[in-house]
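Numbering (the numbering used here), first residue to last: 67 to 386.
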Ligand SMILES: NC(=O)c1ccc[n+]([C@@H]2O[C@H](COP(=O)([O-])OP(=O)(O)OC[C@H]3O[C@@H](n4cnc5c(N)ncnc54)[C@H](O)[C@@H]3O)[C@@H](O)[C@H]2O)c1
């Protein structure tokens, strides 16, 4: 089955995830969807110093939004902030330092943000990590799970009350089409059994992000949730974590701006908010979360199990 899934996925990728695919599909985009000012609206973007996150932060800053960049490395974040302020002319761009793989710190950061800021209109969970080797954080949790899944869960759950107080609140999570090869798994969340295949572990996390989005959308109906695939984009993450793929596909990869297009559209456009909450997007369109005949569907029971496991884990590390 995994050979079928991987081949079907790669073929789909060659026709839908490349730069040429973006150039062709973008012909149907409605230009005025992005002709909006978001002055007075606050956006939090994780991993905003690089790749898709930085391109998203730049586009939103140019539209007048207040941007909260949540980044791991102070120097890289300040450098990216300086670029964004210079190119956009918008000074409402703030740097926050957080390593999303450090579970207790994610709680502390989010709770502190809520105390300090009166509004947050849009949360963009963009940061993501692929690990080549299994490693654990201070809490003993596998680091890519802590970053891609539990960190996203805690940040989102903690900020929900602030989002709910703010106008037209939205949560966008940057997942990946790579999740199409994975069926939801609720066991071995810490990847401590069997061989550690970082790329497949990451693809599972991206599947978990899709399920998490669907479930959070059901539970919090006054927030607009979406999850998306940016396509195959030329960023440091791809160059470092998948050097062979990067080398062979280099000329076909999207630019970070092309990869960010649907993130920005989901974050700022009125058209996106008119769609129902909880869906998976590719190139401004709701798309299926499963490949045909790939047997990746999960039951409602499994999906609820993921949510209760995350809730229990999150609570374990919540500051009192
Ligand atoms: N590039 C692609 O082809 C592609 C395809 C599908 C999905 N994605 C997703 O797009 C998102 C952005 O990635 P990108 O391709 O722009 O790569 P990138 O390397 O340019 O950006 C990743 C960002 O995440 C941050 N990050 C990683 N771990 C972190 C941590 N523990 N704490 C805080 N920040 C952390 C990095 O510092 C960086 O800013 C990721 O979620 C990735 O999975 C990318």
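For every residue, glycine included, the Cβ atom is placed at its ideal position computed from N, Cα and C.
When every heavy atom of ligand 1 is checked, does at least one fall within less than 7 Å of the C-beta of residue 236? no
DSSP on residue 292, reduced to helix/strand/coil? strand
List, from N- to C-terminal side, the alpha helix (DSSP H) runs of 4 residues or more that fit wholly inside the region 168-207. 169-182
Nonlocal neighbours in the same chain, by C-beta distance under 8 Å from residue 369, ignoring five residues either side: 250, 277, 280, 281
Threshold first: 4 residues or longer. Then list the alpha helix (DSSP H) segments lying entirely within the region 298-378, N to C. 302-307, 309-315, 322-334, 336-340
Is it right to say residue 306 is buried, meaning 16 or more other beta carbons lie within 10 angstroms of its own, or is it exposed? exposed
Between the C-alpha atoms of residue 272 and residue 302, what's the straight-line distance to the nearest angstrom? 18 Å
Just checking residue 295 against ligand 1 - is the residue's beta carbon closer than 7 Å to any of the ligand's heavy atoms? yes
Cβ-based neighbour list, residue 65, same chain, cut-off 7 Å, excluding 5 preceding and 5 following: Coverage of the chain is limited to positions 67 through 386, which leaves residue 65 absent and any answer about it impossible.
Starting from the C-beta of residue 413, find all residues in its chain whose C-beta is less than 6 Å away, skip the five residues before and the five after it, and write them out in chain order. Nothing in the structure corresponds to residue 413, since the chain is present only between 67 and 386.
Closer than 7 Å to a non-hydrogen atom of ligand 1 - does that hold for the CB of residue 178? no
Given the structure, does residue 356 come close to ligand 2, in the sense that its CB is under 7 Å from one of the ligand's heavy atoms? With respect to ligand 2, the structure shown offers nothing to examine, as its ligands consist of ligand 1.
In whole angstroms, what is the alpha-carbon distance linking residue 381 and residue 145? 35 Å
Taking the alpha helix (DSSP H) that residue 147 falls in, what are its first and last residues? 140-154
State the Cα-Cα distance for the pair residue 356 and residue 74, rounded to the nearest angstrom. 11 Å
Tell me, please, which residues DSSP counts as bridged to residue 134. 110, 160
Can you tell me whether residue 243 is buried or exposed? The criterion is at least 16 other CB atoms within 10 Å of its CB, across all chains shown. buried
Per DSSP, what kind of secondary structure is residue 236 in: helix, strand or coil? strand
Residue 238 versus 326, 89, 371, 140, residue with shortest Cα-Cα distance: 326
Could you check the C-alpha separation between residue 236 and residue 161 for me, to the nearest Å? 21 Å
Mind checking whether the beta-carbon of residue 73 lies closer than 7 Å to any heavy atom of ligand 1? no
Note the first and the last residue of the continuous alpha helix (DSSP H) segment covering residue 61. The displayed coordinates of the chain run from 67 to 386. Any statement about residue 61 would go beyond what the structure contains.
Assign residue 105 to one of three DSSP states: helix, strand, or coil. coil
In chain order, what residues of the same chain lie with their CB nearer than 6 Å to the CB of residue 229, ignoring the 5 residues before and after it? 186, 235, 289
Closest to residue 284 by CA distance: which of 313, 177, 342 is it? 342
With the cut-off set at 8 Å, would you say residue 112 and residue 190 are in Cβ contact? yes
For the putative contact between residue 167 and residue 213, defined by C-beta atoms under 8 Å, what is the C-beta separation to the nearest angstrom? 4 Å
Does the Cβ of residue 386 have 16 or more other Cβ atoms within 10 Å, making it buried, or fewer, making it exposed? exposed
beta-carbon residue 165 near ligand 1 non-hydrogen atom, thresh 7 Å: yes
Just to check, is the beta-carbon of residue 302 closer than 7 Å to a non-hydrogen atom of ligand 1? yes
Identify whether residue 224 lies in helix, strand or coil by the three-state DSSP scheme. helix
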